[in-house]
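Numbering (UniProt numbering), first residue to last: 1 to 185. We treat Cβ as the ideally placed atom computed from N, Cα and C, and that holds for glycine.
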């Protein structure tokens, strides 16, 4: 852990107070990564805007979104985000065996979850340079071309929070501790 500031509602700059209050209301705690990104008005507003569009205008179910976000967290070696998205994936109905597979860097058994996880990982690992096999596998699972770009949106959102959490290394909140994860270095 670093001594990077991790804000609460009381310590947050003005631009971050309402977003942090909304997160506290939604989760019962302020996620550590949000307390970190509260330090930057551009990052805070970019994240909230992008995530709002990803969730509100996207076509993925809550479980599918969490498969993307958990896969990104694992691929980005972000211990805090893996714990957070494990909690959220389970809450959104991703079966525990599928969550465990992603945390082990394996593909889930469900074909749609596997396609989402594989595409997310390929986008991150190969810096967006997908090949025909990546796209064909994703499309064979029933996804459309626009959903390739929806996964790109999920990768972009994860990059903001995962990198901020990797820089600051926030401690796990109580609800996340049972989902602790060790990144590979």
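So which of the options has the shortest CA-CA distance to residue i?
i           : options         : result
residue 75  : 131, 106, 146   : 106
residue 53  : 157, 132, 8     : 157
residue 173 : 15, 132, 81, 77 : 81
residue 152 : 39, 7, 51, 17   : 51
residue 176 : 21, 27, 14, 36  : 27
residue 154 : 79, 110, 65     : 65
residue 99  : 14, 60, 181, 12 : 181
residue 178 : 79, 9, 132, 58  : 79
Could you pull the start and end residues of the alpha helix (DSSP H) that residue i belongs to?
i           : result
residue 77  : Note, residue 77: premise wrong, no alpha helix (DSSP H); not H, not E.
residue 123 : 111-125
residue 169 : Note, residue 169: premise wrong, no alpha helix (DSSP H); not H, not E.
residue 17  : 14-27
residue 51  : 41-57
residue 37  : 32-37
residue 135 : 132-140
residue 100 : 96-103
Output needed for residue i: all residues of its chain with C-beta closer than 7 angstroms, excluding positions within five of it in sequence on either side, in chain order.
i           : result
residue 115 : 137, 138, 141, 143
residue 6   : 32, 35, 36, 168, 170
residue 117 : 67, 71, 102, 107, 108
residue 104 : none
residue 23  : 30, 31, 34
residue 73  : 81, 82, 85, 158, 162
Ignore the nearest five residues each way along the sequence and tell me which others in residue i's own chain have a CB closer than 6 angstroms to its CB.
i           : result
residue 70  : 85, 89, 102
residue 62  : 92
residue 77  : 183
residue 113 : 67, 98
residue 145 : none
To which residues of the same chain is residue i closer than 8 angstroms at the C-beta, ignoring the five residues directly before and after it?
i           : result
residue 134 : 118, 119, 122
For the segment 30-47 against the segment 159-172, do three or more pairs of beta-carbon atoms, one drawn from each stretch, fall closer than 8 angstroms, so that the two count as touching?
Enough Cβ pairs lie closer than 8 angstroms, so yes.
Exercise for the section: May I ask you to verify whether the segment 118-133 touches the segment 25-43, counting CB pairs closer than 8 angstroms and requiring at least 3? Expected result: Contact fails: fewer than three Cβ-Cβ distances are below 8 angstroms.
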